[in-house]
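*Asks:*
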Amino acid sequence: MSAIEIVEEFGLMPDSDKLQLLLEYSENLPEVPAKYGENPELMERVEECQAPVFIAVEGDANAVELYFSAPREAPTTRGFASVLHAALNGKTAKEITELDDDFPGKLGLEKLISPLRVRGMRGMLFRIKRKTKELLDS
Amino acid sequence: MSEQEKISQYSSPEALVTTEWLTENLDNVTVVESNEDILLYDTGHIPGAVKLDWHTELNDQVRRDYLDGEHFAKLMRSKGISRDDTIVLYGDKSNWWAAYAFWVFKLFGHEDVRLLDGGRMKWIAEGRELTTEKPTRAEGLYPEVVRKDDEIRAFRDDIAKHQPSPIIDIRSPQEYTGERLHMPDYPNEGAARAGHIPSAKNVPWGKLVQEDGSFKALEELRTILFEETGSDPKDKFITYCRIGERSSLTWFALKYLVGVKDVRNYDGSWTEWGNLVGVPIAQGEAPGVFA
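Sequence lines, in order, name chains A and B. Going by this note's numbering, the first residue of the first sequence is number 10, and it counts up by one from there. Going by this note's numbering, the first residue of the second sequence is number 2, and it counts up by one from there.
Structure below.
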């Protein structure tokens with residue numbers, strides 16, 4: 010799935026179903042590999058989120074792999090992470106760094122969830138982009 | 002000491018209920034869940050509980066303020082809540098948002114509001130019943146009441162007038178000292194300056210709760226809130242944090258558990274003070290002097 014398709018997916022939903030869709034995303038967030046599960050300090054904490062969420066970025070310029078860890082008791086954060094995973098995992102570094110910074114805003118969730126909460130997702134995207142750039146430089 | 006004994010020692014024991022009490026009284030009260038995470042209720046909640054969202058429902062969506070009396074009454078009616086209901090609030094994160102909602106109910110003078118000690122976490126840890134079924138409730142009877150801010154809400158101009166009475170900053174030590182500065186590519190938390198209101202004592206909110214999310218016993222709370230801050234139960238208090246949610250929990254503890262008569266929550270908190278032009282700010286571990 011691409012970021013554009015996800016924006017369309019949310020856009021076609023009536024407001025009342027958008028939260029349900031985000032909840033489904035949260036249930037489908039892939040587990041992190043054991044090395045991260047056992048060593049969360051290898052991942053980076055997303056400070057913008059009030060829930061403890063961690064990200065890791067691996068791979069190379071042709072295929073970037075993204076990992077997210079967030080507790081089950083934080084379904085909104087898991088939902089944001091899962092949406093970003095669906096939109097960006099396996100994509101090229103160029104596709105990731107060029108993704109519209111306002112992608113979280115385009116999902117139409119700010120009115121339903123509050124801009125403060127959506128800011129957590131912006132923080133995640135911001136850090137994914139920065140870590141993707143670091144991956145290219147290393 | 003049993004949980005019920007612990008609660009009976011507090012100054013207003015009726016304001017806090019145990020998970021056991023709630024299990025036995027589910028049919029006689031209106032349970033309201035208020036979370037930081039807006040989807041959490043939908044993953045499972047206490048049977049019969051009504052969802053209330055602080056961000057999108059209790060706040061005015063244009064001004065930075067709470068609902069007015071007209072809209073609060075409409076909201077309550079639509080949730081099936083009546084003015085004479087006994088409300089039991091609970092939520093995630095040791096009840097931060099539940100305490101916040103509690104405080105807003107009190108701005109409207111709702112008489113019988115209680116917190117579930119330990120909140121959502123303790124209820125789940127004890128393996129108590131959860132459901133995803135949403136309750137259907139008849140429209141509530143709720144009159145329009147004027148929101149009364151004077152008694153329990155502090156505004157920025159009250160801070161200077163409040164001196165030299167105690168102010169409690171309940172954020173983390175790093176937020177309090179101001180050492181937590183944002184690094185390049187790390188967006189900050191929405192304040193232009195870091196530090197604390199001069200004279201404020203740092204009592205991180207987590208000091209008040211035990212591992213299972215429930216409040217510590219009276220004597221421990223008195224030590225933390227009075228002895229360690231050099232203040233007296235007869236003092237007037239103001240609490241604050243970043244936007245006023247965590248400090249609602251400390252506001253609750255001061256007012257209903259250790260019995261401070263006059264305590265106000267400054268909901269503008271650091272996201273207001275840290276952005277104001279020309280106000281005094283202290284950095285480092287020392288409270289500093291308000292001047």
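Beta carbons are placed, not taken as given, at the ideal position from N, Cα and C, and that holds for glycine.
1. Check whether the Cβ atoms of Asp118 of chain B and Thr224 of chain B lie closer than 8 Å to each other.
2. Using 8 Å as the limit for Cβ to Cβ distance, is His56 of chain B near chain A?
3. If you measure from the beta carbon of Ile122 of chain A to each beta carbon in chain B, is any gap under 8 Å?
4. Here's a check: name, in chain order, each residue in its chain whose Cβ is nearer than 8 Å to the Cβ of Ala1 of chain B, leaving out the five neighbours to either side.
5. Drop a sphere of 10 angstroms on the beta-carbon of Leu93 of chain B, count the other beta-carbons inside from all chains shown, and report buried for 16 or more, exposed for fewer.
6. Measure the beta-carbon distance from Ile1 of chain B to Ile168 of chain B and round it to whole angstroms, keeping in mind my assumption that it falls under 8 Å.
7. Determine the chain A residues that contact Leu131 of chain B at a beta-carbon separation under 9 Å, and present them in chain order.
8. Would a check of beta-carbon distances place Leu76 of chain B closer than 8 Å to chain A?
9. Against Ser35 of chain A, what residues of chain B qualify as contacts under a CB-to-CB distance less than 9 Å, listed in chain order?
10. Can you tell me where the beta strand (DSSP E) with Gly7 of chain A in it begins and where it stops?
11. In its own chain, which residues sit with a C-beta less than 7 Å from the C-beta of Pro281 of chain B, not counting the 5 before and 5 after it?
12. What are the residues in the region 86–110 of chain B lying within 7 Å of chain A by C-beta distance?
13. Say whether the region 6–19 of chain B touches the region 69–85 of chain B, bearing in mind that this needs 3 or more beta-carbon pairs closer than 8 Å, one atom from each stretch.
14. By the criterion of Cβ-Cβ separation under 7 Å, what are the contact partners of Arg54 of chain A in chain B?
15. Is it buried or exposed, Asp186 of chain B, if we count other Cβ atoms within 10 angstroms and call 16 or more buried?
16. Could you tell me which residues DSSP puts in a beta bridge with Ala72 of chain A?
17. Beta carbons nearer than 9 Å to chain B: which residues of the region 65–98 of chain A have them?
18. Would you say Ala102 of chain A reaches chain B, if we count a Cβ-Cβ gap shorter than 8 Å as a contact?
19. Less than 8 Å between the beta carbons of Leu93 of chain A and Leu134 of chain A, yes or no?
20. Rounding to the nearest angstrom, what Cα-Cα distance links Ala218 of chain B and Leu41 of chain B in this structure?
21. Could you check which residue in B:Glu15, B:Met2 and B:Ser3 has the C-alpha nearest to that of Ala254 of chain B?
22. Could you give the first and the last residue of the continuous beta strand (DSSP E) run that contains Leu116 of chain B?
23. Taking DSSP as the reference, what is the three-state secondary structure of Leu68 of chain B?
24. State the start and end residues of the unbroken beta strand (DSSP E) segment that holds Asp159 of chain B.
25. Provide the residue(s) that pair with Phe216 of chain B in DSSP beta bridges, ordered along the chain.
26. Could you name the residues of the same chain whose beta carbon sits closer than 7 Å to that of Ala192 of chain B, not counting the 5 residues immediately before and after it, in chain order?
27. What's the C-alpha gap between Leu145 of chain A and Lys115 of chain A?
28. Tell me whether Leu93 of chain A counts as near the ligand COA, meaning its Cβ is closer than 7 Å to at least one heavy atom of that ligand.
29. In chain B, which residues lie less than 8 Å from Ala60 of chain A when you measure between Cβ atoms?
*Replies:* Taking the structure as given:
1. no
2. yes
3. A Cβ of chain B is located within less than 8 Å of the beta carbon of Ile122 of chain A.
4. Residue 1 of chain B falls outside the range modelled here, since chain B spans only 2 to 292, and no answer is possible.
5. Contrary to the premise, residue 93 of chain B reads as Asp rather than Leu in this sequence. Buried, since its Cβ has 16 or more Cβ neighbours within 10 Å.
6. With chain B represented from 2 up to 292, any question about residue 1 of chain B goes unanswered, as that position is not in the structure.
7. Under the 9 Å cutoff, chain A gives no residues; its nearest Cβ is about 12 Å from Leu131 of chain B.
8. No Cβ of chain A is located within less than 8 Å of the beta carbon of Leu76 of chain B.
9. Leu40 and Thr44
10. No statement about residue 7 of chain A is possible, as the shown extent of chain A runs from 10 to 147 and does not include it.
11. Pro199, Phe291 and Ala292
12. Those would be Asp93, in chain order.
13. no
14. Chain B residues near Arg54 of chain A: none, gap ~10 Å exceeds 7 Å.
15. Unreliable positioning characterises Asp186 of chain B in this predicted model, as indicated by a pLDDT of 49, which lies under 50. A coordinate reading is not provided.
16. Here Ala72 of chain A is bridged, per DSSP, to A:Asp69.
17. Listed by position, the residues of the region 65–98 of chain A near chain B (Cβ gap below 9 Å) are Arg81, Glu82, Ala83, Pro84, Thr85, Thr86, Arg87 and Gly88.
18. no
19. yes
20. C-alpha separation (whole angstroms): 29 Å.
21. B:Glu15
22. First-last of the beta strand (DSSP E) with Leu116 of chain B: Val114 to Leu117.
23. coil
24. Segment Arg157 to His163 is the alpha helix (DSSP H) holding Asp159 of chain B; no beta strand (DSSP E) there.
25. Bridge partners of Phe216 of chain B: B:Val210.
26. Trp271, Thr272, Gly275 and Asn276
27. 27 Å
28. By its list of ligands, the structure shown contains no ligand whatsoever, and the ligand COA lies outside what it can speak to.
29. The contacting residues are Glu37 and Asp38.
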